[in-house]
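Residue numbers (our numbering), protein chains in the order written: chain A, 7 to 333; chain B, 2 to 300.
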């Protein structure tokens, strides 16, 4: 059969045409919503035309109030899964909290696969409600954590939620959790660029996000997703603090030779940072003890202070503080 | 029961014999690379096997790059979208991904659930898959919109569905894999077995095996949950390099040219030389063996 050379139209990534909308729907947020010719006969024409549903999310004022006592909000992102977002988030939290004066919070918005509780060694804890809201789980006095993992009846159960329900819980994490006064709130995200990411950006728009740290591994398959993630940050207007390259190089414990498990076939994160015009924050070598520490829920930085990976982590964290102007 | 339903998806998938969903709760454990290997190995298993691979990871499609068809476009025919054939003119390895639909390969796809749902429906109902022996479906991490949509749209062909769960040996990944398993049980999706990926790394210098992400966790999980264990795969740098570099230079119009077919054919040959290919053969044998048994139980 003869194939016709007609490219398939790709819908604009961030528009708001509902799935059941008529052809040529201008989008619910458009000036022409409910008024264009295409809207004639659409069941929702009146709703669109009347302007009422466009009002801001009722949760927004509460989020703004709750977030007014949070000084810095940092997102940890990566298009690809399993590159070490959660591990990095945990190290970042631990490093900030190593100063007793610094109040730190970690929020895990990976709803379907929350790993933060395990990595921080608080997997069996539960969230308690008080008159001022849900209390985060404290790893130490100045490090509070909130994750959907604390709310599940069993760790084995799958969380099979579609977008709107995930958004609901994210809004609750921001408005109902009694974060108190925080110097840093580090937000761990799931892989991809979807509901969770859009929601967190929308909910925090008014309070402002200080920046995003993008985590990657050196191989091209991961880098291509990271380029998309940076593209996403630009589309929604989040400042990219820089790129962290994880699992770069592996030192054999037997012969001490360094080899590349995930080969940077296309120049790795350094090249990506250059091409995309973002800062390269550093490379963390692959140390099997990092994964072990995460499984046991202990701080890698405290357990192995002399590992090259620890030095790399600390340098990156110092640089992040410097960029934010906190040193 | 459901098989009597006549939907566009059911009609389109009428000639597809087996549908294998590759999933894992955790990201970056090698779902896409296992899917790609599964497709390549099934393709090589008999000289006439027709295999399809559908990438429903909409916000992070990796399959096009891994199969060396990055930058190709999808064409439309009177009979629906024509998948991209990774093996060129042989047309036995059909491939479909949102990656083919992007104008620029670095564009981010920022979609909420309903749009992802619509895209998945189109992939299942509008793509001219034709007659296939196996359709391998690569999924994104988690158990959310994509997975629910997939299962919903494929309800009419439910008796031909089965799943392979991929995990790495460390506890953090296993926890998510168990969540994924509980998902398959909730939606009554039969599990062919567990593949443990990234189990050990052989130092290229001294040959010592390091368990970078520990080892044995997948096997232990399979035992505890009484599901078949399909095998473990070590970290294979040759495979990483192969799947990474398997990109022909930007040649969106090279689909019809024999050159593209030549290159991809090469991919299969090169794949068969990697240490993983030999190990994967056992996994595929186990999959093919288990398939009829699992499907029988469903119908």
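Heads up, the beta-carbon is just placed ideally off N, CA and C, and yes, glycines get one too.
Under 8 angstroms from the C-beta of residue i: neighbouring residues of chain A
i                      : result
residue 245 of chain B : 225, 226, 227, 269, 271 and 272
residue 213 of chain B : 256, 267, 292, 294 and 297
residue 114 of chain B : 168, 169, 170, 200 and 201
Buried or exposed (CB count within 10 angstroms, at least 16 for buried), residue i
i                      : result
residue 180 of chain A : buried
residue 16 of chain B  : exposed
residue 227 of chain B : exposed
residue 246 of chain A : buried
residue 134 of chain A : exposed
residue 48 of chain B  : exposed
residue 157 of chain A : exposed
residue 118 of chain B : buried
residue 147 of chain B : buried
residue 362 of chain A : Beyond the ends of chain A as shown, which are 7 and 333, falls residue 362 of chain A; an answer cannot be given.
residue 2 of chain A   : Outside the shown range of chain A (7 to 333) lies residue 2 of chain A, about which nothing can therefore be said.
Nearest-angstrom Cα separation, counted from residue j out to residue i
i                      : j                      : result
residue 262 of chain A : residue 93 of chain A  : 24 angstroms
residue 125 of chain A : residue 82 of chain B  : 44 angstroms
residue 264 of chain A : residue 222 of chain A : 19 angstroms
residue 205 of chain A : residue 173 of chain A : 6 angstroms
residue 172 of chain B : residue 177 of chain A : 29 angstroms
residue 134 of chain B : residue 289 of chain B : 11 angstroms
residue 119 of chain A : residue 186 of chain A : 26 angstroms
residue 97 of chain B  : residue 237 of chain B : 26 angstroms
residue 70 of chain B  : residue 128 of chain B : 17 angstroms
residue 108 of chain B : residue 240 of chain A : 11 angstroms
residue 268 of chain B : residue 68 of chain B  : 8 angstroms
residue 120 of chain B : residue 286 of chain A : 35 angstroms
residue 225 of chain A : residue 289 of chain A : 13 angstroms
residue 37 of chain B  : residue 182 of chain A : 44 angstroms
residue 207 of chain A : residue 298 of chain A : 32 angstroms
residue 274 of chain B : residue 239 of chain B : 9 angstroms
residue 88 of chain B  : residue 141 of chain B : 24 angstroms
residue 30 of chain B  : residue 19 of chain B  : 24 angstroms
Neighbourhood of residue i by C-beta distance below 8 angstroms, restricted to the same chain and skipping five residues each side
i                      : result
residue 230 of chain B : 194, 195, 197, 219, 220, 223 and 224
residue 184 of chain A : 136, 138, 139, 140, 141 and 142
residue 147 of chain A : 106
residue 8 of chain A   : The predicted position of residue 8 of chain A is uncertain, since its pLDDT is 46 and thus under 50; a value taken from the coordinates is nonetheless stated next. Around residue 8 of chain A: no qualifying Cβ.
residue 79 of chain B  : none
Neighbour list for residue i in chain A, Cβ cutoff strictly below 7 angstroms
i                      : result
residue 179 of chain B : 162
residue 172 of chain B : 124 and 301
residue 107 of chain B : 233, 234 and 237
residue 283 of chain B : The premise fails here: residue 283 of chain B is roughly 23 angstroms from chain A at the closest Cβ pair, so nothing lies under 7 angstroms.
residue 183 of chain B : 162, 163 and 164
DSSP state of residue i mapped onto helix, strand, coil
i                      : result
residue 193 of chain A : strand
residue 86 of chain B  : strand
residue 335 of chain A : The structure shown has nothing for residue 335 of chain A, since chain A only spans 7 to 333.
residue 241 of chain B : helix
residue 94 of chain B  : strand
residue 21 of chain B  : strand
residue 76 of chain B  : strand
residue 67 of chain B  : helix
residue 141 of chain A : strand
residue 254 of chain B : With a pLDDT of 44 at residue 254 of chain B, under the threshold of 50, the predicted position of this residue should be treated as unreliable, though the coordinate-derived value follows. Coil, per DSSP.
residue 209 of chain B : coil
residue 286 of chain B : helix
residue 3 of chain A   : Chain A is shown from 7 up to 333; residue 3 of chain A falls before or after that span and cannot be answered.
residue 112 of chain A : strand
Beta-carbon proximity list for residue i, same chain, < 6 angstroms, skipping 5 on both sides
i                      : result
residue 49 of chain A  : none
residue 100 of chain B : 62 and 65
residue 278 of chain B : 272
residue 231 of chain A : 85 and 86
residue 150 of chain A : 111, 142 and 144
Sequence-distant residues of its chain with Cβ nearer than 7 angstroms to residue i (five each side left out)
i                      : result
residue 236 of chain A : 220, 246, 282 and 284
residue 197 of chain A : 84, 85, 86 and 87
Partner residues on chain B for residue i, Cβ-Cβ distance less than 9 angstroms
i                      : result
residue 241 of chain A : 109 and 111
residue 121 of chain A : 27, 173, 174, 176 and 177
residue 46 of chain A  : What residue 46 of chain A touches in chain B: nothing, since even the nearest Cβ is about 23 angstroms away.
residue 89 of chain A  : 28 and 29
Residue i: contacting residues in chain A (beta-carbon distance under 9 angstroms)
i                      : result
residue 238 of chain B : 265, 266, 267, 268 and 269
residue 66 of chain B  : 226, 227 and 230
residue 242 of chain B : 225, 269 and 271
Within chain B, the residues that residue i reaches when beta carbons sit closer than 7 angstroms
i                     : result
residue 86 of chain A : 28, 29 and 61
residue 98 of chain A : Simply none; closest approach about 17 angstroms.
8 angstroms Cβ cut-off: residues of chain B touching residue i
i                      : result
residue 261 of chain A : 204, 206, 207 and 209
residue 249 of chain A : Per Cβ cutoff of 8 angstroms: no residues; residue 249 of chain A is ~14 angstroms from chain B at best.
residue 196 of chain A : 28, 142 and 143
message: Short of 7 angstroms Cβ to Cβ, which residues in the region 134-161 of chain B face chain E?
response: You won't find chain E in this structure, because its protein chains are A and B.
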